[in-house]
Amino acid sequence: MDPVDVLRVLGNKYNAEILEATHSPKSAQELSEELDIPIATSYRRIEELNEHDLLKLEGKELSDEGRRTKVYRRQVDEISVKFGVDETEIETKERTEAKNALVDVWSDLRSEQ
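In case it helps, this note's numbering puts the sequence shown at residues 630 to 742.
Below, the structure written as structure tokens:
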């Protein structure tokens with residue numbers, strides 16, 4: 630990941646909010662409604678985050694209307710930026726499958742109550 634590109638992506642309006650919201654899988658429509666983002670902007674931001682390996686397609690879920698909908702989850706839990714004299718460095722802490730599974734279990738338990 631080019632550090633300058635990652636910083637530009639994170640600086641774009643809504644991208645940080647989308648990463649925060651996608652600790653569990655969310656569709657573009659869900660993100661649009663939850664974050665009050667126009668749907669077209671939601672799709673553009675998802676694509677941008679996906680291109681920079683910050684968000685990934687998690688799979689497809691059945692929507693309330695009975696359609697298959699793509700859902701996305703963030704790829705990282707932490708991003709650290711180090712500014713040096715000659716270069717800028719980005720370090721990321723990627724999410725593990727175990728953490729994703731744990732988040733999914735907690736979400737399922739909360740929705741059953």
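Glycine is no exception: its CB is placed at the ideal position from the N, C-alpha and C atoms.
The residue among 712, 706, 716 and 717 with its C-alpha nearest the C-alpha of residue 652 is 706. In the structure shown, the three-state DSSP call for residue 651 is coil. Secondary structure of residue 720 (DSSP, three-state): strand.
Note that the C-beta distance between residue 654 and residue 702 is below 7 Å. In this chain, residue 662 is not harboured by any beta strand (DSSP E); it is covered by the alpha helix (DSSP H) spanning 657-664. Around the beta carbon of residue 686, fewer than 16 other beta carbons sit within 10 angstroms, so the residue counts as exposed.
Residue environment: residue 714 is assigned as exposed (fewer than 16 neighbouring CB atoms within 10 Å of its CB, all protein chains considered). Beta bridge pairing from DSSP links residue 701 with 655 and 686. Cβ contact annotation for residue 677 (same chain, cutoff 8 Å, sequence separation greater than five): 638, 641 and 644, in chain order. Put simply, the backbone Cα of residue 697 is about 44 Å away from that of residue 716.
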